[in-house]
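First comes the structure, then the notes that go with it.
There are 2 protein chains.
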Amino acid sequence: MRPPLGFRFGAVSAHIRKDGRIDLALAVSDDDAVAAGVFTRNLVRAAPVVVAEERLRSGVARAVLVNAGCANACTGDAGLRATLASTESVAQALGVASESVLPASTGVIGAVLPSEKIASAAEALVGSLSVDGVDGFSRAILTTDRGPKLARAELPGGASVLGVAKGAGMIHPDLGPPQATMLAFLFTDAQVDPKALAGVLDRACQVTFNAASVDGDTSTNDSVIALASGKSGASVSEAELEAAFTRVAGELARAMVADGEGANHVCELVIEGLGSDADARTVARTVATSLLVKTALFGKDANWGRLLAAAGRAGVKFDPNVAEISVGPVAIVRGGVAVGGEAEREAAKILAGASYTITLRLGSGPGRARYLTSDLGHSYVDVNAGYRS
Amino acid sequence: MRPPLGFRFGAVSAHIRKDGRIDLALAVSDDDAVAAGVFTRNLVRAAPVVVAEERLRSGVARAVLVNAGCANACTGDAGLRATLASTESVAQALGVASESVLPASTGVIGAVLPSEKIASAAEALVGSLSVDGVDGFSRAILTTDRGPKLARAELPGGASVLGVAKGAGMIHPDLGPPQATMLAFLFTDAQVDPKALAGVLDRACQVTFNAASVDGDTSTNDSVIALASGKSGASVSEAELEAAFTRVAGELARAMVADGEGANHVCELVIEGLGSDADARTVARTVATSLLVKTALFGKDANWGRLLAAAGRAGVKFDPNVAEISVGPVAIVRGGVAVGGEAEREAAKILAGASYTITLRLGSGPGRARYLTSDLGHSYVDVNAGYRS
Numbered sequence: 229m230r231p232p233l234g235f236r237f238g239a240v241s242a243h244i245r246k247d248g249r250i251d252l253a254l255a256v257s258d259d260d261a262v263a264a265g266v267f268t269r270n271l272v273r274a275a276p277v278v279v280a281e282e283r284l285r286s287g288v289a290r291a292v293l294v295n296a297g298c299a300n301a302c303t304g305d306a307g308l309r310a311t312l313a314s315t316e317s318v319a320q321a322l323g324v325a326s327e328s329v330l331p332a333s334t335g336v337i338g339a340v341l342p343s344e345k346i347a348s349a350a351e352a353l354v355g356s357l358s359v360d361g362v363d364g365f366s367r368a369i370l371t372t373d374r375g376p377k378l379a380r381a382e383l384p385g386g387a388s389v390l391g392v393a394k395g396a397g398m399i400h401p402d403l404g405p406p407q408a409t410m411l412a413f414l415f416t417d418a419q420v421d422p423k424a425l426a427g428v429l430d431r432a433c434q435v436t437f438n439a440a441s442v443d444g445d446t447s448t449n450d451s452v453i454a455l456a457s458g459k460s461g462a463s464v465s466e467a468e469l470e471a472a473f474t475r476v477a478g479e480l481a482r483a484m485v486a487d488g489e490g491a492n493h494v495c496e497l498v499i500e501g502l503g504s505d506a507d508a509r510t511v512a513r514t515v516a517t518s519l520l521v522k523t524a525l526f527g528k529d530a531n532w533g534r535l536l537a538a539a540g541r542a543g544v545k546f547d548p549n550v551a552e553i554s555v556g557p558v559a560i561v562r563g564g565v566a567v568g569g570e571a572e573r574e575a576a577k578i579l580a581g582a583s584y585t586i587t588l589r590l591g592s593g594p595g596r597a598r599y600l601t602s603d604l605g606h607s608y609v610d611v612n613a614g615y616r617s
Numbered sequence: 229m230r231p232p233l234g235f236r237f238g239a240v241s242a243h244i245r246k247d248g249r250i251d252l253a254l255a256v257s258d259d260d261a262v263a264a265g266v267f268t269r270n271l272v273r274a275a276p277v278v279v280a281e282e283r284l285r286s287g288v289a290r291a292v293l294v295n296a297g298c299a300n301a302c303t304g305d306a307g308l309r310a311t312l313a314s315t316e317s318v319a320q321a322l323g324v325a326s327e328s329v330l331p332a333s334t335g336v337i338g339a340v341l342p343s344e345k346i347a348s349a350a351e352a353l354v355g356s357l358s359v360d361g362v363d364g365f366s367r368a369i370l371t372t373d374r375g376p377k378l379a380r381a382e383l384p385g386g387a388s389v390l391g392v393a394k395g396a397g398m399i400h401p402d403l404g405p406p407q408a409t410m411l412a413f414l415f416t417d418a419q420v421d422p423k424a425l426a427g428v429l430d431r432a433c434q435v436t437f438n439a440a441s442v443d444g445d446t447s448t449n450d451s452v453i454a455l456a457s458g459k460s461g462a463s464v465s466e467a468e469l470e471a472a473f474t475r476v477a478g479e480l481a482r483a484m485v486a487d488g489e490g491a492n493h494v495c496e497l498v499i500e501g502l503g504s505d506a507d508a509r510t511v512a513r514t515v516a517t518s519l520l521v522k523t524a525l526f527g528k529d530a531n532w533g534r535l536l537a538a539a540g541r542a543g544v545k546f547d548p549n550v551a552e553i554s555v556g557p558v559a560i561v562r563g564g565v566a567v568g569g570e571a572e573r574e575a576a577k578i579l580a581g582a583s584y585t586i587t588l589r590l591g592s593g594p595g596r597a598r599y600l601t602s603d604l605g606h607s608y609v610d611v612n613a614g615y616r617s
């Protein structure tokens, strides 16, 4: 996958992960890049989130330094010092100011980042940089993911957007302006100013990462960072860039939900007919995070009662007696009651697939929302009951 | 277990459940009883909830008719007619007005209650009534429960309170005044007026059933109904009755969480040090329903990072850097950072137990809340992925 012009990527094993897999990734812009980020709105914010957000105030950056294996969250001053030290050692090896290196971490909460391991690996990491290094970068940032997540989109004038993400659990990002352990990095060689980049990134995140849930838990480390090198020489409109960012972020969000810990199905929930998009989003979020809904999806069961009951507790007014529910094209509820056993058997066939849409039409209002969610089964329990052990 | 004076209880199989277990229960007061109820705040409310709430406006009732196997929720007018018909047939067999019979249902959502089966069983049900029938009543109302749930408390003057409940999944009641598929029935022979009974019941529910969660899902059928026969002749104060109701409802709530689908551990979360009790309750609810917290409890893992991260997304302001977390008496976090590996190993021993307390002290404010939650493991998935099949 050809990266946008002006970026190089590298990855090594710094032995942060116990299994020895590559766990330290670096993306570098040849010159100062226009930069923006959105970060978790969780009150508990990991040290790399604090540092990256602060450094992004300048609107420019040279590099993104990412490690897996240790989230460096809930680690106090020691954690902050470790993040500063790790970006310092990599900045020295790169010959750039440490303030221009944006950190991101993912892994276990509560352990301090082993900055001495990163210092030891800094030269090798910089030595691994290459325009063809995206594959290594995309693999080094993974934790419980089944595989790397990449997406790209073309822009007018020969520019492009490349997105790289990780995330399979603790996925229910709540990203705000300026504020996302999913990690996602968007690289573009389009020309864009810092304010436009920040606006485009925020709007793209709201309808993609912020409308996706694996388990309803928001991480201390969720981060989305965008770097724009301008090296294509192409000047694109904000609308064009937003469309490309939204497409790339949308693909990455779907890849994360599809890779949801133990997930076999991706369900796109569509909520329609409410008073406002905000109301529809509230209902969508409640249904998308309902355990009873997610276990029914695991069971491939067209259990519309659970869908409707979850919608009913969202705190949004609607008349259950006009509710319509469809699985794919198959209507299973009309006027708030079941269509019948045959429809449910047809629906169950669709629910056996890897990806489908469930639509709840809860009235005749204009409010509409989409949300991606996954089923929840035994593997989720296995992954999360044993993660630290 | 001796029931309060003035009540008889019965149960039969009406063949609503496919497995032939007893599934129809009746509790009758010898004369008009003072009555009050709290019901689910879910917008989607089953027919029996609608009918029982309406009938409780009179403040008096003679009987409670409960079935398992069919929730009669999301069943429209047909469901409403079925509830009316079933109470009518039992009222006739009892020789009382149908308006004095309060219905409650639990089971699958979306199927209309088979009122003809209840009509056929009405005479046998009334024939089964006895002052010793509490055991049958308590078993006939069960669905996925591992066993019956009973609690009692003594009142001054020889009066008493008896509580009977069911509920193991879809447990996160949201009961309001006047408004719970947990079902709970409180019987007392104390003398109390309707307004006092309604107030006492509501206050007792808020600190018990409404502070307990198995899976975060609120049912369409959650109902708590209290009947006071006055037959003890004892006139008790509201404070005395509230203390007794709170104790009985608290025991029933704990029994429900302990019987949470697939649960092995009951965790009492204590949240302290916030600005207000309401803030503490919001944090407690968020931590109690976090999937990552609940799977960590299943794994007996003192994963305090997940506890703190869940608290951090509750939307309540606190300083994570002063957070203290204890498992039982063992402090595992002080000043927002880990105490150490030894403390966590001690904590893990406590987490292997059937019941324990986890305390999060998040500041120095006066706000405090308690919440009961369970671990979440494979059996939850088994029970809920296959419930309708």
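Those sequence lines, one after another, are chains A and B. According to the numbering used here, the first sequence is numbered sequentially starting from 229. According to the numbering used here, the second sequence is numbered sequentially starting from 229. Cβ coordinates follow ideal geometry from the N, Cα and C atoms, glycine included.
Asked                                                                                                                                                               : Found
Using three-state DSSP, classify N300(B) as helix, strand or coil.                                                                                                  : coil
Hey, how far is the Cα of G375(B) from the Cα of I553(B)?                                                                                                           : 34 Å
Contact criterion: CB-CB distance below 8 Å. Does L233(B) meet it with respect to chain A?                                                                          : no
Are the C-beta of R562(A) and some C-beta of chain B separated by less than 8 Å?                                                                                    : no
Measure how close the beta-carbons of V611(B) and E489(B) come, nearest whole angstrom, since I'm counting them as under 8 Å.                                       : 4 Å
Would you mind listing the alpha helix (DSSP H) stretches within the stretch 357-396 of chain B that are 4+ residues and don't spill past its ends, in chain order? : 362-368
Please confirm whether L414(A) and A439(A) have their CB atoms less than 8 Å apart.                                                                                 : no
S607(B) by DSSP, collapsed to three states: which one?                                                                                                              : helix
Anything in chain A within Cβ reach of A566(B), meaning under 7 Å, just list it in chain order.                                                                     : G338
Can you find at least 3 beta carbon pairs, one from the stretch 456-464 of chain B and one from the stretch 279-294 of chain B, that sit closer than 8 Å?           : no
Taking Cβ-Cβ distances shorter than 7 Å, what residues in chain A pair up with T587(B)?                                                                             : Correct list: empty, because the minimum Cβ distance to chain A is about 17 Å.
Quick check on D505(B): does DSSP put it in helix, strand or coil?                                                                                                  : helix
Would the beta-carbon of A253(A) fall within 8 Å of that of K345(A)?                                                                                                : no
Based on the DSSP output, what are the partners of I453(A) in its beta bridges?                                                                                     : G265(A), F413(A)
On a CA-only basis, which of A483(B), K528(B), R380(B), V511(B) is nearest T587(B)? Give me that one, please.                                                       : V511(B)
Taking 8 Å as the CB-CB cut-off, is A301(B) touching chain A?                                                                                                       : yes
Could you name the residues of chain B that F526(A) contacts, counting a contact when the two beta carbons are closer than 9 Å?                                     : V609, N612, A613
Going along the chain, which residues of its own chain have a beta-carbon closer than 7 Å to the beta-carbon of A505(A), five neighbours each way excluded?         : As written in the sequence, residue 505(A) is Asp, which differs from the Ala given in the question. So the list reads G595, R596, A597, once near-sequence residues are dropped.
Give the list of continuous beta strand (DSSP E) stretches no shorter than 3 residues that lie fully inside the stretch 305-359 of chain B.                         : 329-336
Since T448(A) and T268(A) should fall inside the 8 Å C-beta cutoff, what is the C-beta to C-beta distance between them, to a whole number of angstroms?             : 6 Å
Assign E570(A) to one of three DSSP states: helix, strand, or coil.                                                                                                 : helix
Check A477(B) in the structure and name its three-state DSSP category.                                                                                              : helix
Where L271(B) and T601(B) are concerned, what is the direct C-alpha to C-alpha distance, given to the nearest angstrom?                                             : 24 Å
Hey, L480(A) and A412(A): beta-carbon distance below 8 Å or not?                                                                                                    : yes
Looking at the strands, I want to know which residues DSSP matches up with F235(A).                                                                                 : S257(A)
Determine the DSSP secondary structure at A486(A), reduced to helix, strand or coil.                                                                                : helix
For chain B, check one thing: does any of its Cβ atoms lie closer than 8 Å to the Cβ of N627(A)?                                                                    : Nothing can be reported for residue 627(A): it is not among the residues displayed for chain A, which extend from 229 to 617.
Relative to chain A, which residues along the stretch 537-551 of chain B have a C-beta separation below 9 Å, given in chain order?                                  : A537, A538, A539, G540, R541, A542, G543, V544, K545, F546, D547, P548, N549, A551
Give the range of the beta strand (DSSP E) segment to which L588(B) is assigned.                                                                                    : 583-589
By the 10 Å Cβ neighbour count, where 16 or more other Cβ atoms means buried, how is P232(B) classified, buried or exposed?                                         : buried
For L579(B) and A559(B), I'd like the C-alpha separation in whole angstroms.                                                                                        : 13 Å
Quick one: Cα of D417(B) to Cα of A477(B), how far?                                                                                                                 : 16 Å
With H, G and I counted as helix, E and B as strand and the rest as coil, what does DSSP make of T448(A)?                                                           : coil
Please report how far the alpha carbon of G543(A) lies from the alpha carbon of R245(B), in whole angstroms.                                                        : 32 Å
Would T523(A) pass as an interface residue toward chain B - the criterion being a Cβ-Cβ separation below 8 Å?                                                       : yes
What's the gap between the Cα of A261(B) and the Cα of A456(B)?                                                                                                     : 5 Å
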